[in-house]
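Residue numbers (this note's numbering): 43 to 309. To start, the structure itself, in structure tokens.
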């Protein structure tokens, strides 16, 4: 079913998160305004004086059931996961201080504003308190988990690591152990850049990180593209497979892994 969610104004809502019992909507201050455009100002603008709002709505609820939590202004393109723990709903996502990524005019006063970093929010359903913390200061985007466990507490998460470049390029993958706070990095190599990695579990019954990360990588020195497969339990090792592709694959993102078992279940 479809239910409307009331917001003060139109915003760029790119993603949301789910837990077992809740859906989390993000009312972030990247706003659209026709009135602003009529004044000769940008249609889309990041409003730094507006807070970020996170709405918790029961999975089968509607606008009358939503509860809003506020935190400092930020922007989030992609969430990693969310889950319930006691009185709290926990959400993990890649957070930017602000953003001009989708804007035609770069009016970014914060030189670090467009760099996303992995953050965690804890929303206390009993007290209304919000706790926010940065989990890593290394910039990265396109967070993924073993999606068999989406909406549940997961130990591991994966992101594409941002390259030190003026362009939005990614030169490796990072695996986070969210329990210990430790991480491991797989580097693509000099002049090699990839995109969002998809986690492919070995089986539906294996360990959470028992599987592979799959992504395209472009070698800029050779102008060749590969499908690279990395063992998620051995991030610092060499890829277990590199499929050479006979043509250039443009940089991209978003995909999913569908196993033969899942395909067979649909027939």
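Glycine included, C-beta positions come from ideal geometry on N, C-alpha and C.
DSSP state of residue i, grouped into three classes?
i	result
residue 309	coil
residue 208	coil
residue 122	strand
residue 246	coil
residue 105	helix
residue 144	coil
residue 191	helix
residue 175	strand
residue 303	helix
residue 49	coil
residue 44	coil
residue 219	strand
residue 293	coil
When the distance is taken between beta carbons, is residue j closer than 8 Å to residue i?
i	j	result
residue 219	residue 167	no
residue 138	residue 163	no
residue 282	residue 256	no
residue 126	residue 61	yes
residue 98	residue 131	yes
residue 268	residue 290	no
residue 136	residue 109	no
residue 271	residue 228	no
residue 250	residue 191	yes
residue 193	residue 124	yes
residue 265	residue 233	no
Given this structure, state the Cα-to-Cα distance separating residue i from residue j, to the nearest angstrom.
i	j	result
residue 299	residue 252	14 Å
residue 95	residue 72	12 Å
residue 157	residue 143	10 Å
residue 214	residue 230	5 Å
residue 303	residue 50	45 Å
residue 64	residue 286	42 Å
residue 243	residue 237	19 Å
residue 45	residue 102	10 Å
residue 100	residue 175	25 Å
residue 288	residue 115	45 Å
residue 112	residue 53	15 Å
residue 178	residue 235	21 Å
residue 85	residue 292	29 Å
residue 67	residue 294	25 Å
residue 188	residue 254	10 Å
residue 47	residue 151	32 Å
residue 210	residue 263	18 Å
Starting from residue i, trace the beta strand (DSSP E) in both directions and tell me its first and last residue.
i	result
residue 253	253-261
residue 40	This structure does not reach residue 40, given that the chain is present from 43 up to 309, and the question cannot be answered.
residue 92	First-last for residue 92: undefined, no H or E at that position.
residue 162	159-166
residue 136	130-138
residue 283	283-287
residue 235	234-236
residue 197	It is not in any beta strand (DSSP E) - residue 197 carries neither H nor E in the DSSP assignment.
Any beta carbon of chain B sitting closer than 8 Å to that of residue i?
i	result
residue 44	Although the question refers to chain B, the structure presented lacks it and comprises just one protein chain.
Quiz item: Three or more C-beta pairs closer than 8 Å, one from the region 205-212 and one from the region 164-177: is that the case here?
Solution: no
Quiz item: Can we say the region 174-185 touches the region 114-130, given the rule of at least three CB pairs closer than 8 Å?
Solution: yes
Quiz item: If you pair each beta-carbon of the region 55-67 with each one of the region 75-89, do three or more pairs fall below 8 Å?
Solution: no
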